[in-house]
């Protein structure tokens, strides 16, 4: 993964760039730091309950992939796709308990990374 990212960054040399969701591990951060100086790192710290609330209100229309959110983009008729009237479904990954488990894994993996980067970016 690091080789692919470094090759793309080389193509963009001379300009600014943003990596979203990378690095994800301390090892990836070390390898990136060996090849490229990081000037700024942004970590969006959103409370887990906010994330759980938003994700658990996401419903999709399987045939089209259209996404609804019960708060921000609700369907006109609850549980039905606006265009076809077909049923909406909630992915298993979007159910509150699954989201909590994913966030715990994320936290366990990301905390060491945040600490590592915090000590190296000035």
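Residue numbers (full-length UniProt numbering): 1 to 122.
No residue lacks a Cβ here, since even glycine has one placed at the ideal position from N, Cα and C.
Let's test the definition: count the other Cβ atoms within 10 Å of the Cβ of residue i and tell me whether it reaches 16, buried, or not, exposed.
| i | result |
| --- | --- |
| residue 20 | exposed |
| residue 106 | exposed |
| residue 87 | exposed |
| residue 24 | exposed |
Please confirm whether residue i and residue j have their CB atoms less than 8 Å apart.
| i | j | result |
| --- | --- | --- |
| residue 62 | residue 89 | yes |
| residue 113 | residue 51 | no |
| residue 1 | residue 28 | yes |
| residue 81 | residue 55 | no |
Select from the options the residue whose C-alpha is nearest the C-alpha of residue i.
| i | options | result |
| --- | --- | --- |
| residue 91 | 110, 66 and 113 | 66 |
| residue 128 | 39, 71, 69 and 108 | For residue 128 there is no data in the structure shown, the boundaries of the chain being 1 and 122. |
| residue 44 | 5, 4 and 111 | 111 |
| residue 48 | 120, 101, 115 and 12 | 101 |
| residue 108 | 6, 5, 3 and 26 | 26 |
| residue 72 | 33, 57 and 7 | 57 |
Counting contacts by CB-CB distance shorter than 8 Å, is residue i in contact with chain C?
| i | result |
| --- | --- |
| residue 50 | Among the chains in the structure shown there is no chain C, since it carries only a single protein chain. |
Tell me the residue span of the beta strand (DSSP E) that contains residue i.
| i | result |
| --- | --- |
| residue 128 | With the chain covering only 1 through 122, there is no way to say anything about residue 128. |
| residue 58 | 58-60 |
The alpha helix (DSSP H) that contains residue i, what's its start and end?
| i | result |
| --- | --- |
| residue 100 | 96-118 |
| residue 4 | 2-11 |
- Just list the beta strand (DSSP E) runs in the stretch 19-62, keeping only unbroken ones of 3 residues or longer that don't cross its boundaries, in chain order. Runs of the beta strand (DSSP E) inside the stretch 19-62: 58-60.
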